[in-house]
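Numbering (my numbering), first residue to last: 50 to 126.
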């Protein structure tokens, strides 16, 4: 059985792990992400779960679809 986790690979994996705020498991040479379910799609943006920058999601994509939203009952049907 070849060495699954060499010292070089261990360092690279450890760094990659730390980048996404994870924990490197030395025993089975794996990265255990802490807090969030392993989603290495965008490790550089750890501010995903707390979305304070987008208060109104539907009004974000610059589309003039504001009047079609029945927010206030101005027409009594």
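Just so you know, even glycine gets a beta-carbon here, dropped at the ideal spot from N, CA and C. This one's a predicted model, so the numbers in the text were calculated from it and none came from an experiment.
By the 16-neighbour rule on beta-carbons within 10 angstroms, residue 55 is exposed. In its chain, beyond the 5 residues on either side, 80, 81 have a beta carbon closer than 8 Å to the beta carbon of residue 74. Here DSSP, grouped into helix, strand and coil, assigns residue 63 to helix. Secondary structure at residue 56: helix, using DSSP grouped into helix, strand and coil. Exclusion of the five residues before and after residue 78 leaves 53, 54, 58, 59, 62 as the residues of its chain whose Cβ lies within less than 8 Å of its Cβ.
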